[in-house]
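First the structure, in the form of structure tokens, and then the observations on it.
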Amino acid sequence: MTDQPAADATTRPNVARMYDYFLGGSHNFAADRAAAERVLEIFPETGMAAQTNRHFLRRAVRYAAAQGVRQFLDIGAGLPTQGTVHEVVRTVAPDARVVYVDYDEVAVTYARELLTDVPGTAVVQGDLRRPDDLLAHPDVRGTLDLDRPVAVLLLAVLHFVSDADDPWAAVARLRDATVPGSHLVLSHLTLDGIPPELAERGQAIYRNSSAPLVPRTHAETLRFFTGYDLVEPGLVETTRWRPDGDSELVDSHGYAGVGVRR
Numbered sequence: 118m119t120d121q122p123a124a125d126a127t128t129r130p131n132v133a134r135m136y137d138y139f140l141g142g143s144h145n146f147a148a149d150r151a152a153a154e155r156v157l158e159i160f161p162e163t164g165m166a167a168q169t170n171r172h173f174l175r176r177a178v179r180y181a182a183a184q185g186v187r188q189f190l191d192i193g194a195g196l197p198t199q200g201t202v203h204e205v206v207r208t209v210a211p212d213a214r215v216v217y218v219d220y221d222e223v224a225v226t227y228a229r230e231l232l233t234d235v236p237g238t239a240v241v242q243g244d245l246r247r248p249d250d251l252l253a254h255p256d257v258r259g260t261l262d263l264d265r266p267v268a269v270l271l272l273a274v275l276h277f278v279s280d281a282d283d284p285w286a287a288v289a290r291l292r293d294a295t296v297p298g299s300h301l302v303l304s305h306l307t308l309d310g311i312p313p314e315l316a317e318r319g320q321a322i323y324r325n326s327s328a329p330l331v332p333r334t335h336a337e338t339l340r341f342f343t344g345y346d347l348v349e350p351g352l353v354e355t356t357r358w359r360p361d362g363d364s365e366l367v368d369s370h371g372y373a374g375v376g377v378r379r
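118 is the number of the first residue of the sequence shown in the numbering used here; add one for each residue after it.
The following block contains the structure:
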């Protein structure tokens, strides 16, 4: 990265930049790479799991567009990487509008630089834990019409929100702000079936990063879809949500699903 962030940004691992590293990106610092490598020592398949999550995003975005959705709110978008939402959806719907939201200032600044000349897109610094503030942001209101269906994308972000912050209430607020026919596209880390000692070692790394890691069970993740009708095949392992041959079936350590607001 060529900008000059605050010293803490370069010395404290950041979950968005760690994810960028897992994807093979270059928008990360030494502290991010070191923490990511420690994760890879425990879970060597993490890089493939990150790629699997991106493949799911593309399949789900194309699905929503095929259902007629033309507006996308990508919360926790992170650093722009190959195959961003507007690039994918506009292969199906060239008139689609996309708002990217992230809490991290560096990610937002970089995304704004990349998307300056891309019409129909906006980049907002916002906090999933404060959905009303996010929904009221002028760039959200100026880009999306909430009286028409919106696909809310929550890809690999909710597992960085603690139970104490009640992420289920935040998702419910986003649901209530959208109209019937809107979609929820969600993926979430799980450590179901992982030995407790390995799980603890992985979570310990993230406790020293910009956000804790909060893996959830299938039942806990399913709660986010309250008020939505799940699209077949339901909430499943990420690779098993409508695979189309774009990735091998690997252990993704995650659940994924798409719901349609009633």
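Glycine residues also receive a C-beta, built at the ideal position from the N, C-alpha and C atoms.
Apart from sequence neighbours up to five positions away, the residues of its chain that approach Val178 with a beta-carbon distance below 6 Å are Val202, Val205, Val206, ordered along the chain.
DSSP places Gly371 in the strand class (E or B) of the three-state scheme. DSSP places Ile192 in the strand class (E or B) of the three-state scheme. DSSP places Val241 within a strand segment (E or B) once states are collapsed to three. Where Val216 is concerned, the enclosing beta strand (DSSP E) starts and stops at 214 to 219.
In the three-state reduction of the DSSP assignment, Ala328 falls in the coil class. As the crow flies, the alpha-carbon of Ala194 is around 30 Å from that of Glu314. Relative to the Cα of Pro255, the nearest Cα in the group Arg333, Val218, Arg175 belongs to Val218. Straight-line spacing of the CA atoms in Leu271 and Leu303 works out to 5 Å. Judged by their CB atoms, Ile322 and Arg187 are not nearer to each other than the 7 Å cut-off. Residue nearest to Val223 within the set Thr343, Asp137, Arg378, Asn325 is Asp137 (criterion: CA-CA distance). In this structure, the CA atom of Ile311 is about 16 Å from the CA atom of Thr355. According to the DSSP secondary-structure assignment, Glu354 is paired through a beta bridge with Tyr372. Annotated as distal: Ser299 and Val331, with beta-carbon spacing of 7 Å or more. The three-state reading of DSSP puts Arg176 in helix, counting H, G and I together. For the stretch 224 to 272, the continuous alpha helix (DSSP H) assignments of 4+ residues that do not extend past its boundaries occur at 248 to 253, 255 to 260, in sequence order. In this structure, Ala316 sits away from Leu306, with a CB-CB distance that is not shorter than 7 Å. For Leu231, the CB contacts under 6 Å within the same chain, skipping 5 residues up- and downstream, are Pro197 in chain order. Gly164 has its alpha-carbon roughly 33 Å from the corresponding atom of Pro266. Scanning its chain for C-beta atoms nearer than 7 Å, with the 5 sequence neighbours on each side dropped, one finds around Val274 the residues Ile192, Gly193, Leu245, in chain order.
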